[in-house]
Amino acid sequence: MDYLATKYLRSRKIPSSACSGCGLGQCHKALVKAIDDLGYERNDIIWGTSIGCAGRQTFATWKGDSFAGTHGRVYAIARGLRLALAPEKRLVLTVGDGDAFGIGFNHLLHAVRTNAQMTVMVCDNLGYQSTGGQYGWTTPPGVVTDSSPYGMFEPNWVQPGRDVLMILKEAGATFLARHVSMDGGVLVETLRKALRNNGFSLVHVVYPCTTNFGKNALGSRKPVDIFRWIKSHAKPLGLEKEDTIWRTGIYLDASNSRPEFSQFMREKVEEIRRRHGNEGAH
Amino acid sequence: MKERTEILASGFGGQGVVRLGQIIGEAGVRQGLHVTMLKSHGTEMRGGYVRSQVVLSKDAIDSPICESPDCFIALSGAAYGQFRHLMPKYGIILYDPAFVEEISQSLDCLQKAIPAKELSSKNFGSPLFANSLVLGAVARLVGILDKDIVVESILRVMPKFHDENRRAFQIGYDYVG
Amino acid sequence: MTAETQRDKPGKTDETMKRYLETGNFAVAQAAVMAGCRAFCGYPITPATEIAEAMSKLLPRVGGYYVQAEDETAAMHLAIGASLGGMKSMTATSGPGFILYADPYGWAIGCEVPLVVLNAQRVGPVSGITGAPGQGEFYLSRYVTQGGNFETIVLAPGTAQEAFALTIEAFYLSERFRTPVTILADQLITDGWEDLSIPETEEEKRLMGLKFFERRAHPGPKFYPPTDEIDVPPVVLGMGAGALCSDWTPTEEGYDIETVEAQHKHAYRLIYKIRNHKDIIMRSETLFLDEEPDLVVVAYGTPSRVVKTAVKRAHERGQSIGMIRPISLWPFPEELFKSRATYLSVELNYDGQMVREIQRAAPCGSEVHFFGKCGELPTVSELQEVFDKLLKGEPLQRRGWETEAW
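Chains as they are written, first to last, in my numbering: chain A, 1 to 282; chain B, 1 to 177; chain C, 1 to 406.
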């Protein structure tokens with residue numbers, strides 16, 4: 001990570017304040033690698049984050065401009081910002097599962113609806129971990145957390161027939177994918193594709209939380225246990241097994257097939273200005 | 001000259017009460033006067049009447065409420081009943097007998113009938129121009145208003161049927177002469 | 001000669017200016033565009049919808065954006081985003097939407113984002129009566145978000161003309177103080193029709209006393225100085241300054257930190273940049289205060305107009321009476337409450353909100369009374385009755401279900 005860190009990340013934020021054994025670094029590194037692969041400079045990208053583990057640990061790591069929205073609102077801030085930013089600037093968001101699929105879902109959907117350019121990496125640690133470990137909208141069935149002491153018995157949003165990525169697809173996203181953080185080069189390749197889409201891209205990446213999830217669900221804080229557990233329950237799309245929880249790969253690549261939010265806003269405003277600009281303000 | 005002139009119009013929804021107030025207000029602005037106009041809000045409309053309160057003055061207007069109307073245009077029995085008690089001695093109630101059937105004999109102010117609906121139907125084959133007739137009467141009775149500017153304002157606020165509106169205005173104006 | 005004073009009276013007009021019969025909604029939209037607003041993010045709500053509608057028509061003509069959001073929380077966050085990108089932006093709502101602004105207000109206050117917010121107060125709580133005037137957000141507009149440790153700037157217009165001038169002033173102050181500025185209006189201001197002068201030339205704008213302030217961008221790296229200074233450029237993203245802004249307690253550079261000292265530095269700025277420059281914000285109108293009247297009537301917004309008529313008439317009749325109309329509501333103009341007197345707060349609510357603030361500001365030995373109506377204005381005759389009672393030393397009584405009193 002040295003070369004990438006020196007080039008793109010603030011030294012003040014390295015090492016990160018994440019718990020030891022946390023898999024968030026894998027997600028973060030994959031994204032920075034994809035950015036580097038595409039040749040972006042630090043001022044080409046404005047980096048937004050959410051609250052929770054994913055947001056807090058990645059906020060202000062980027063050497064360029066960075067902002068953090070409060071619970072679930074970063075998509076609305078980003079959409080407003082998208083209007084004011086120069087078209088060539090890219091918005092990248094690193095957010096958590098609770099932020100994206102719970103408290104911010106309404107705002108996320110409307111960013112999707114308008115195909116606003118933002119590459120959203122949902123770093124999923126399978127529940128609300130920064131508050132001590134409560135179940136969330138992606139917590140696997142049966143898993144014990146501090147707020148599901150008898151096992152998670154509510155439906156979640158990653159199961160076939162109830163997959164949040166399908167909702168986002170129908171809502172108008174132009175790039176959707178799912179991975180686990182140990183997917184390495186495959187994850188980087190997906191993120192490169194996501195970044196190339198001038199529209200709404202979302203990459204859902206499951207990563208291990210040793211401190212709360214590992215302890216509660218698996219009874220172990222040993223990183224190797226949870227890394228192995230997540231990896232064993234992830235299979236590429238089409239190769240699912242009976243115990244597969246996460247079907248990985250690209251769910252939708254309709255990159256650059258539909259007008260981007262700020263682009264159609266600009267074009268429409270320009271057209272209206274041409275037609276009505278001389279009519280004055282009254 | 002009077003400090004302020006208050007004109008209250010009230011009737012039921014769909015009679016163009018707000019439009020009436022708007023035209024008088026527009027005339028006020030064109031005459032270089034200060035104007036306020038409160039139109040009825042939802043609670044009033046559900047209460048069975050619609051109201052426009054117009055205040056005209058050479059000076060800046062503080063209270064926008066018609067508490068002592070110089071002119072009250074009553075276009076329904078309910079409106080008449082609701083607001084007649086506000087009338088000062090010097091005020092005048094202008095009512096359309098097609099809608100206000102019973103008139104209180106105990107009021108001190110002048111009450112003048114203007115059968116606007118009937119006159120409009122008779123002259124134009126439609127009640128559509130009743131308000132322009134009323135405005136003709138108002139322009140004559142309310143001292144501060146300039147006749148020609150009220151006509152201009154009617155034509156500006158109501159872009160259609162200019163000839164009919166002009167004629168209706170004159171009929172109303174002559175009727176109260 | 002009456003002893004009538006208005007500090008820095010906004011909205012002085014000239015007879016040659018272009019005049020309209022229009023609503024306060026129209027006035028606000030015109031002013032926003034004139035002040036340089038290029039993004040309006042809203043959500044339909046009575047009685048502020050017409051501002052959104054007007055902005056949707058006007059903004060594209062000048063190259064600006066109207067965005068209708070999925071809810072009010074999003075609306076203000078979108079406006080924040082546009083401002084963060086360097087655009088002057090605005091949103092407008094009424095009570096039920098204003099409460100949803102609590103969340104973005106916190107973010108905008110903490111990150112010091114210039115922004116203008118209008119609240120057309122109606123009758124509450126909750127949806128209440130949609131199309132009638134109320135004044136239920138006096139304190140809410142001061143304490144717009146959780147957590148404390150901030151001051152707010154709130155301006156309260158009494159007429160459509162003043163709504164025009166104060167909207168321009170709100171943009172001006174929001175840039176200088178880098179904070180959201182709230183215009184606390186009511187349904188009669190936004191929906192009521194009035195004659196309105198709109199300046200067109202620079203000379204006319206100057207004559208009206210309008211001030212404008214262009215957007216600047218902070219060059220970094222100390223985006224959040226621990227001082228009370230104003231005119232610090234705000235954070236603008238996309239300029240390559242390495243800018244940081246977040247909902248966490250910031251270091252001077254904007255990194256998230258959890259120390260009491262950093263929080264104190266941040267809070268000091270949020271509080272004292274406003275407290276220590278209150279003179280720039282302060283606006284008020286008073287009547288007959290130099291006569292040290294026995295009775296001082298206090299009102300803001302549209303009820304103040306009726307109060308003004310009533311006070312002038314009572315004064316003509318020889319009663320010892322004066323009036324205070326705060327135009328800048330927050331910070332509250334306590335300097336105006338110098339003399340020991342009987343104060344009367346006239347408000348469009350039944351619970352009495354500003355009356356508490358007057359109790360705080362008035363000198364020892366003063367009496368503070370409350371007269372409340374809601375959904376409609378008080379009348380001059382009602383007020384005269386109240387004045388007579390108070391001047392005779394009689395207590396006020398409620399008149400159910402018409403008026404409320406303390």
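For each residue, glycine too, the CB sits at the ideal point set by N, CA and C.
{"Check": "Could you have a look at A/D36 and say whether DSSP puts it in helix, strand or coil?", "Outcome": "helix"}
{"Check": "Which residues does DSSP pair with A/H179 in a beta bridge?", "Outcome": "A/V205"}
{"Check": "Does the beta-carbon distance from C/E137 to C/L184 come in below 8 angstroms?", "Outcome": "yes"}
{"Check": "Give the DSSP-derived three-state secondary structure of C/D186 in the structure shown.", "Outcome": "strand"}
{"Check": "What are the complete beta strand (DSSP E) segments, minimum 3 residues, inside the region 76-147 of chain C?", "Outcome": "88-93, 115-123 and 129-133"}
{"Check": "Can A/K222 be considered in contact with the ligand NAP, in the sense that its beta carbon sits closer than 7 angstroms to one or more heavy atoms?", "Outcome": "Ligands displayed in this structure: none; no statement on the ligand NAP is therefore possible."}
{"Check": "Could you pull the DSSP bridge partners for C/I280 from this structure?", "Outcome": "Its beta-bridge partners do not exist; DSSP assigns none."}
{"Check": "Tell me which residues share the same chain as C/S141 and place their Cβ nearer than 6 angstroms to its Cβ, disregarding the 5 neighbours each side in the sequence.", "Outcome": "V154, T182 and L184"}
{"Check": "Taking A/A173 as the reference, which of A/D225, A/V120, A/A18 and A/D124 has the closest Cα?", "Outcome": "A/V120"}
{"Check": "Report the residue ranges of all alpha helix (DSSP H) runs contained in full by the region 168-232 of chain C; include only those spanning at least 4 residues, in chain order.", "Outcome": "187-191 and 202-207"}
{"Check": "Just the C-alpha distance for A/R192 and A/D183, rounded to the nearest angstrom, thanks.", "Outcome": "14 angstroms"}
{"Check": "Using a beta-carbon distance below 8 angstroms, is C/R398 in contact with chain B?", "Outcome": "no"}
{"Check": "Classify A/K268: buried if its beta carbon has 16 or more other beta carbons within 10 angstroms, exposed otherwise.", "Outcome": "exposed"}
{"Check": "What's the C-alpha gap between A/M265 and C/Y101?", "Outcome": "25 angstroms"}
{"Check": "Cβ of C/E70 less than 8 angstroms from any chain A Cβ?", "Outcome": "yes"}
{"Check": "Residue ranges of each alpha helix (DSSP H) run of no fewer than 4 residues wholly in the region 113-146 of chain B, ordered along the chain?", "Outcome": "116-124 and 130-141"}
{"Check": "Taking contact to mean at least 3 C-beta pairs separated by less than 8 angstroms, is the region 345-365 of chain C in contact with the region 303-320 of chain C?", "Outcome": "yes"}
{"Check": "With a CB to CB cut of under 7 angstroms and the five nearest residues on each side skipped, what residues in its chain are close to A/N212?", "Outcome": "Q129, G132 and G133"}
{"Check": "Can you name, in chain order, every residue of its own chain whose Cβ lies under 8 angstroms from the Cβ of B/F169, other than the five neighbours on each side?", "Outcome": "S132, L133, L135, G136, A139, V150, V151 and I154"}
{"Check": "Could you check whether the Cβ of A/G277 sits closer than 8 angstroms to any Cβ belonging to chain C?", "Outcome": "yes"}
{"Check": "Under a CB-based cut-off of 8 angstroms, is B/R167 close to chain C?", "Outcome": "no"}
{"Check": "Along the chain, which unbroken stretches of the alpha helix (DSSP H) at least 4 residues long are found entirely within the region 238-299 of chain C?", "Outcome": "260-275 and 278-281"}
{"Check": "A/Q159 to A/L38, Cα distance in whole Å?", "Outcome": "33 angstroms"}
{"Check": "When the cut-off is 8 angstroms and only beta carbons count, does A/L176 lie next to chain C?", "Outcome": "no"}
{"Check": "Whole angstroms is fine: what's the gap from A/K13's alpha carbon to C/K57's?", "Outcome": "46 angstroms"}
{"Check": "Going by DSSP, what residues sit across from B/H34 in a beta bridge?", "Outcome": "B/S57"}
{"Check": "Beta-carbon of A/R90 versus every beta-carbon of chain C: anything under 8 angstroms?", "Outcome": "no"}
{"Check": "Can you name the residues that DSSP bridges to C/E404?", "Outcome": "C/G372"}
{"Check": "Below 8 angstroms, can you find three or more Cβ-Cβ pairs linking the region 223-235 of chain A to the region 82-101 of chain A?", "Outcome": "no"}
{"Check": "Since C/P60 meets chain A, which of its residues come closer than 8 angstroms, beta carbon to beta carbon?", "Outcome": "K268, V269, I272, R273 and H276"}
{"Check": "Given C/A3, which residues of its chain have a CB within under 6 angstroms of its CB, disregarding the five upstream and five downstream residues?", "Outcome": "Annotation note: pLDDT 49 at C/A3 (below 50); position unreliable, coordinate value reported separately. So the list reads F288 and D290, once near-sequence residues are dropped."}
{"Check": "Can you give me the start and stop residues for the alpha helix (DSSP H) that A/L83 sits inside?", "Outcome": "V74 to A84"}
{"Check": "How about A/H107: is its C-beta nearer than 8 angstroms to some C-beta of chain C?", "Outcome": "yes"}
{"Check": "Have a look at C/Y416 and C/E252 and give me their C-alpha separation to the nearest angstrom.", "Outcome": "Given that chain C is displayed from residue 1 to residue 406, the structure contains no residue 416 of chain C and the question cannot be resolved."}
{"Check": "Show which residues of chain C have a CB atom less than 8 angstroms away from the CB atom of A/D65.", "Outcome": "L237, G238, M239, G240, A241, G242, A243 and L244"}
{"Check": "Going by other Cβ atoms of all chains shown within 10 Å of its Cβ, with 16 needed for buried, is C/P10 buried or exposed?", "Outcome": "Unreliable positioning characterises C/P10 in this predicted model, as indicated by a pLDDT of 45, which lies under 50. The coordinate reading is nonetheless provided below. Its Cβ being crowded by 16 or more others within 10 Å, C/P10 is buried."}
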